[in-house]
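Have a look at the structure below before the remarks.
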Amino acid sequence: MNGRKMEVSYKLSAISYQLSAISYQLSAISYQLSAISYQLSKIFHVVFLLYKYLLFLFA
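Numbering-wise (this note's numbering), the sequence shown opens with residue 193 and increments by one.
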(Lines of atoms letter the chains of each structure in order from A and count residues from 1; the text may use other names and numbers.)
(Lines give C-alpha, C1' and ligand atoms only; values in the text may rest on other atoms or scores of the structure.)
Protein backbone atom coordinates (compact mmCIF):
# COMPACT_ATOMS: atom_id res chain seq x y z
CA MET A 1 0.00 0.00 0.00
CA ASN A 2 2.83 2.36 0.84
CA GLY A 3 4.39 1.87 -2.61
CA ARG A 4 1.04 2.59 -4.23
CA LYS A 5 0.69 5.84 -2.29
CA MET A 6 4.16 6.86 -3.39
CA GLU A 7 3.27 6.12 -7.01
CA VAL A 8 0.09 8.22 -6.82
CA SER A 9 1.99 11.00 -5.09
CA TYR A 10 4.65 10.90 -7.82
CA LYS A 11 2.03 11.06 -10.59
CA LEU A 12 0.24 13.98 -8.93
CA SER A 13 3.56 15.75 -8.57
CA ALA A 14 4.29 15.21 -12.28
CA ILE A 15 0.84 16.53 -13.25
CA SER A 16 1.37 19.55 -11.01
CA TYR A 17 4.72 20.19 -12.69
CA GLN A 18 3.13 19.97 -16.16
CA LEU A 19 0.35 22.38 -15.19
CA SER A 20 2.94 24.76 -13.81
CA ALA A 21 4.88 24.60 -17.09
CA ILE A 22 1.69 25.25 -19.09
CA SER A 23 0.86 28.18 -16.82
CA TYR A 24 4.34 29.61 -17.41
CA GLN A 25 3.95 29.25 -21.19
CA LEU A 26 0.56 30.97 -21.13
CA SER A 27 2.05 33.76 -19.06
CA ALA A 28 4.84 34.19 -21.62
CA ILE A 29 2.32 34.25 -24.48
CA SER A 30 0.24 36.82 -22.60
CA TYR A 31 3.33 38.98 -22.15
CA GLN A 32 4.15 38.74 -25.86
CA LEU A 33 0.60 39.69 -26.85
CA SER A 34 0.75 42.63 -24.48
CA ALA A 35 4.00 43.79 -26.09
CA ILE A 36 2.50 43.42 -29.58
CA SER A 37 -0.59 45.35 -28.50
CA TYR A 38 1.60 48.15 -27.15
CA GLN A 39 3.58 48.34 -30.40
CA LEU A 40 0.37 48.43 -32.46
CA SER A 41 -1.03 51.21 -30.32
CA LYS A 42 2.16 53.24 -30.91
CA ILE A 43 1.90 52.61 -34.66
CA PHE A 44 -1.76 53.63 -34.76
CA HIS A 45 -0.96 56.75 -32.78
CA VAL A 46 1.69 57.77 -35.33
CA VAL A 47 -0.70 57.01 -38.21
CA PHE A 48 -3.40 59.09 -36.53
CA LEU A 49 -1.02 62.03 -36.05
CA LEU A 50 0.05 61.75 -39.68
CA TYR A 51 -3.59 61.70 -40.78
CA LYS A 52 -4.36 64.80 -38.68
CA TYR A 53 -1.30 66.58 -40.11
CA LEU A 54 -2.29 65.75 -43.70
CA LEU A 55 -5.85 66.88 -43.04
CA PHE A 56 -4.51 70.16 -41.66
CA LEU A 57 -2.14 70.52 -44.62
CA PHE A 58 -4.82 70.05 -47.29
CA ALA A 59 -7.72 71.74 -45.49
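Backbone N, C-alpha and C define an ideal beta-carbon position, used for all residues, glycine too.
Query                                                                                                               : Result
Can you tell me where the alpha helix (DSSP H) with residue 213 in it begins and where it stops?                    : 194-250
Taking just the CA atoms, how far does residue 220 sit from residue 246?                                            : 39 Å
Given this structure, state the Cα-to-Cα distance separating residue 226 from residue 194, to the nearest angstrom. : 48 Å
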